[in-house]
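These protein sequence lines map, in sequence, to chains A, B and C. The first sequence lines up with residues 288 to 936 when you count with this note's numbering. The second sequence lines up with residues 12 to 305 when you count with this note's numbering. The third sequence lines up with residues 55 to 191 when you count with this note's numbering. C-beta: ideal position from N, C-alpha, C; glycine also. Single-structure report; data block below.
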Amino acid sequence: MKKIGLFICHCGSNIAGTIDIPEVKKFFSGYDDIEISDDYKYMCSEPGQKKLRDAIVDRQLDGVVVACCSPRMHEITFRNAAQSAGLNPYKVEIANIREQCSWVHQKEKGKATEKAIDIIKTMIEKVKRDEPLKPIEFEITKRALVIGGGIAGITAAVDIANAGYEVILVERRHSIGGKMLELSETFPTLDCAQCTLTPKTVEAGRHPKIKLMVYSEVEEVKGYIGNFDIKIRRKASFVDWNKCTGCGLCQEKCPTKTESEFDHGLGERKAIYTLSPQAVPNKPIIDKNSCRFFREGKCRVCEKVCPVQAINYEMKDEIVEEKVGAIVVATGYEILETDKIPEYGYGIYKDVIDGLQFERLNSASGPTAGEIRRPSDGKIPKEVVFIKCVGSRDPEKGIPYCSRICCMYLGKHARLYKHKVPDGQAYLFYMDIRSFGKGYEEFIQQSMEEANLLYIRGRVARIMQEGDKLVVWGVDTLSGRKVEIKADMVVLGTAVLPSKGAAELGKILRAATDEYGFFSEAHIKLKPVESMTGGIYLAGCAQSPKDIPDTVAQAGAAAAKVLSLFGQEKMIQEPLIACVDYDLCSGCGVCVVACPFDARMLDQEERISIVNEALCQGCGACVSACPNKACQLKNASPKTYIAMVDKYL
Amino acid sequence: MVSYPYFPGCALSTKAKALDICAREAMKSLGYDLKEIDDWTCCGAVFPLAEDEHIRLVSPARTIFKASKISDKLVTLCSACFNVLRRSQKVLKENLEKRQRVQNYMEEEAVENYPENLRVIHLIEILKDEIGFENLTQKIKKSLKGLKIAPFYDCLTFRPPKEMEFEDPENPRIYSNFVTALGGEAIDFSYRSECCGAHISVSNPEVSLECSMRILDSARRVGAEALLTSCPLCHYNLDARQKEMVEKRIDFKPMPVFYLTQLLGIALELPENLLGFEKNYVSPLPLLKERGLL
Amino acid sequence: MKIVLNREKLNSFYVQTIKDISLQKIMSCYQCGKCTAGCPVADFMDVVPNEMMRLVMLGEIEKLLSSKAIWLCTSCFQCGTRCPKGIEVHRVFEALRSIALREGKNYTDIEKLSEDVLDEIPQQGIIAGFRKFESLE
């Protein structure tokens, strides 16, 4: 004879409006094993929880069923309440009579009451069979891996390192700073991007707790929250950075020039090069694809001029293994490829450029030393058209979402253009002006007023090259008129896409990405920096397009999440996971294949399957796959479920 | 007896005499002597909106200067005069470059001492700020009890608010409070601060007729028996043109439109011949007689 | 009819004159339309106030000078009073009227007015209506 307490919640009128609660309560008074059948308007409220706690103590209950909303909402609330009254929390079950009953049967009140009784009956059977369980504890490796060395990754790394934990900062390119280092000036304050960023890159570069791994990529991730095993590929730079002093002589003397990625094709660099004058670390790499030695087998100029013999043409990629407890994904973004919008001549006409190219044109360290000169002939453009939503909000040809930064940066571009070319005219085609951030709307309005920018509401249909002009066909939907502009240069606010390889990295991390390749957050409102996988956090454009303030805020939040994990002595894990009846297990390995979390493996010696308790999420895939019924979920055995179903039938 | 320089303006001297006569007589009985400025000239009729039209400020500047020799206040009543004089004084006070240009057309004395401190005021401001509406209630001889008056807030007295510095044109109260002070029932109506059509009665009479009709209909819908205005042009559009409204719409019911001073005159029991009702197209006499107010 | 935009057009003599005599920051208009929404005569206009602002921004002045709308404006100042950007739209209307008048374009024909109207309407109305006539300077 068990002593089970039943507590029925009204949930205001959410449940009580449909289900006849006095009737349910009466039904279970004196029911087998039910010691008390009670109800309350809001069981989750403090007085409601007190009812439950008092009953556990006064009536010496050995099990509790709360008939209320979904266990996703308040299972944890009632388990904690039971625990504080001395009852094992896993002896508390939720009978969901809201989502699965009152909400869906509002028009059939009588039947809903009957169904609520059935649901409660089955849960009583479950509670009767529940074992008291204890949460599982694990050690935590208190080191973090940050993937991506842009402003998001740098911020997260520095924040974690400043709290005293070691951080490995992995960056694909050979210096950190990311896209922000390519920008000229930033909205809404128009301060120089490098000036704002370089103190951060320098700090990250020389922080004793940060291990910088540039020109490196994460290749393999095993393990789970608190205990990840990472393999990182350090790509061959062909320069021994331990010897290299960053004197720059090799770059100066290198005879081979090629297009500069940093200048987005508008400038040139050498085959041995650093990304920018402010590169951190200030060490060059040899680009195998353009290096004359690698292509033709002769040259070796860099080797000859290097005063410290740092050049090593024999260098090979290297795999570095690391152990970490948490991972921050800060892989940033790319912009839409040039071939996507042929009607604008992007990638065809030289003077149709994208927003990042304009950043380089406007940058003092850029190919024109900051003068606004168009790529085709170096002339100063007097009529410049800026086009927003190029590929964004365009489900047919591009992506359906809003790229969030273009409204602001094109407004900024146009304003900077007017600063440098006061007699020029800037035209901005837009669909909406989304200036939601602090100081943003004021910035846009000030630009309109002071820089006389002409904002034109409408999309551009096409651009044609006629002589040295770009004829832009647009519309002003405000006046309902088609407009035509003979422009000298066109700047496109192209769509923001996830960084190349983000989806592949997602697979390596076992962290979900969405249909576009952005990393998915665990909850869009309440868990915006957590990925769907424990121990992996998101920062910046890896999750969705973001401006710098939002990126930095999210990076700080991701760091805080890592720190709250590292602040715990041990990892606590729910014990409702799979277990194996070794007498029945034949070691066939079907469960290993079925497990989506890599939590199952075979003990080759014993010829049985075992469960990695840290990785198991209790999904039950192995239970259904096991041919011998050896796999079971704790407190959810087939016997229990059969008893529950029996009661219902 | 307090004495203030008074600028009646052309309309009040001719077509809107009713507004003027009762004003002088009523104010006299309240202890105010409105002293007409000698040799006054046109107020300018329209405040110059074009930045380069300085010459239109000369006439108001002269009037302001004349008034300043008598007092630091200049009383007006016609909305157009009030609008032009008040805005001109503001711009001449604040914009020294403009003042300089205007003074080129004025006598020497005015150039040396521009009357920066002179305030152009509307007659209702004496009633509200100097006498006070509460005291006014004590002073009236006959309450307008039961008379449902819809106060109409003309454009020129209230707008543009930054220049007129009068009362918020989006929720004006002053005429309602005035009607209440006289014992009448003030009826707020939706169109109380919409434009009557103003001067486009000259060029597009059909458009302004539409504007005025909307106002009268709106007042009628909430039970008004009469309208109140202090603007001669609104009075023309809202009263005289009811002749055309009756012709245009068979169900249109005429409604008397009072000048604010006519109402004040009734409450102070001025003799009927000073109330100027013969100038009203829709005679208020039947309504007033029915209520025993005349 | 399409609009061809260029620097010359956006900074034409007309546009500059409108800016000079209205003193308004034309380019700060963000086309919310509140001016039109509250205009008492917008129903009767061929170019409504916000559209007028837009065409000035685009340098399309000729169309405005020949519009009926600039003469229908009653100068009630509702538009300017309510503009969230503080643009005195009524002054832009006045600037357009001033340009038209200075070019000798009249709207009101004094010959066609009835004696009755002239007898009854207060002087301010006549002057406001005919200011457009006498401004042939």
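Where residue i falls: helix, strand or coil (DSSP)
i                     : result
residue 498 (chain A) : strand
residue 330 (chain A) : coil
residue 453 (chain A) : strand
residue 177 (chain C) : helix
residue 104 (chain B) : helix
residue 99 (chain C)  : coil
residue 189 (chain C) : With a pLDDT of only 45 at residue 189 (chain C), under 50, the local geometry of the prediction cannot be trusted, and the value read off the model is given with reservation. DSSP places residue 189 (chain C) in coil when its eight states are reduced to three.
residue 713 (chain A) : strand
Contact with chain B by residue i, beta-carbon distance below 8 Å
i                     : result
residue 103 (chain C) : no
residue 132 (chain C) : yes
residue 95 (chain C)  : yes
residue 190 (chain C) : Bear in mind that the predicted position of residue 190 (chain C) carries a pLDDT of just 45, short of 50, making it unreliable; the figure below should be weighed with that in mind. Closer than 8 Å: no.
residue 82 (chain C)  : no
residue 182 (chain C) : yes
residue 91 (chain C)  : no
residue 179 (chain C) : yes
residue 175 (chain C) : yes
residue 126 (chain C) : yes
residue 148 (chain C) : yes
Residue span of the alpha helix (DSSP H) that contains residue i, given as start and end
i                     : result
residue 895 (chain A) : Per DSSP, residue 895 (chain A) belongs to no alpha helix (DSSP H); it is in the beta strand (DSSP E), 895-898.
residue 89 (chain C)  : 88-92
residue 85 (chain B)  : Residue 85 (chain B) -> not in any alpha helix (DSSP H); beta strand (DSSP E) instead, spanning 84-87.
residue 891 (chain A) : Where residue 891 (chain A) is concerned, there is no enclosing alpha helix (DSSP H), given that its DSSP letter is neither H nor E.
residue 824 (chain A) : No alpha helix (DSSP H) contains residue 824 (chain A), which is instead part of the beta strand (DSSP E) from 823-825.
residue 144 (chain C) : 143-156
residue 796 (chain A) : 789-796
Range covered by the beta strand (DSSP E) that runs through residue i
i                     : result
residue 607 (chain A) : 605-611
residue 565 (chain A) : Premise fails: residue 565 (chain A) is in no beta strand (DSSP E) and is neither H nor E.
residue 162 (chain B) : 159-162
residue 15 (chain B)  : 13-18
residue 629 (chain A) : Counting along the chain, residue 629 (chain A) falls outside any beta strand (DSSP E), and DSSP gives it neither H nor E.
residue 239 (chain B) : 237-240
residue 365 (chain A) : Element bounds for residue 365 (chain A): not the beta strand (DSSP E) but the alpha helix (DSSP H), 358-371.
For residue i, the residue or residues it bridges with in DSSP
i                     : result
residue 818 (chain A) : A:808
residue 832 (chain A) : Answer by DSSP bridge pairing: none, since residue 832 (chain A) is not bridged.
residue 343 (chain A) : DSSP lists no partner for residue 343 (chain A).
residue 392 (chain A) : Residue 392 (chain A) is not bridged to any residue.
residue 493 (chain A) : Beta-bridge pairing links residue 493 (chain A) to no other residue.
residue 756 (chain A) : A:753
residue 432 (chain A) : A:455, A:614
residue 202 (chain B) : None; residue 202 (chain B) has no bridge partner.
Interface flag, residue i vs chain A, CB-CB below 8 Å
i                     : result
residue 153 (chain C) : no
residue 122 (chain C) : no
Test: residue i CB closer than 8 Å to a CB of chain C
i                     : result
residue 712 (chain A) : yes
residue 741 (chain A) : yes
residue 237 (chain B) : no
residue 172 (chain B) : yes
residue 304 (chain A) : no
residue 736 (chain A) : yes
residue 669 (chain A) : yes
residue 732 (chain A) : yes
residue 267 (chain B) : no
residue 301 (chain A) : no
residue 78 (chain B)  : no
*asked:* Residues of the region 755-774 of chain A in Cβ contact with chain C at a cutoff of 8 Å, in chain order, please.
replied: 763, 765, 766, 768, 769, 770, 771, 772, 773
*asked:* For the region 201-234 of chain B, list every residue whose C-beta sits within 7 Å of some C-beta in chain C, in sequence order.
replied: 205, 206, 208, 209, 210, 211, 212, 213, 214, 215, 218, 222
*What residues in the region 59-80 of chain C bring their beta carbon closer than 8 Å to a beta carbon of chain B?*
Cβ contacts with chain B: 74, 75, 76, 77.
_chain C contacts made by the region 57-73 of chain B, where a contact means CB separation under 7 Å_ = Across the region 57-73 of chain B, CB contacts with chain C closer than 7 Å involve 57, 60, 61, 62, 63, in sequence order along the chain.
*In the region 159-172 of chain C, which residues sit with their C-beta less than 8 Å from some C-beta in chain B, listed in chain order?*
161, 162, 167, 171
*asked:* Taking beta-carbon pairs under 7 Å, can you tell me which members of the region 238-249 of chain B lie near chain C?
replied: 243, 244, 247
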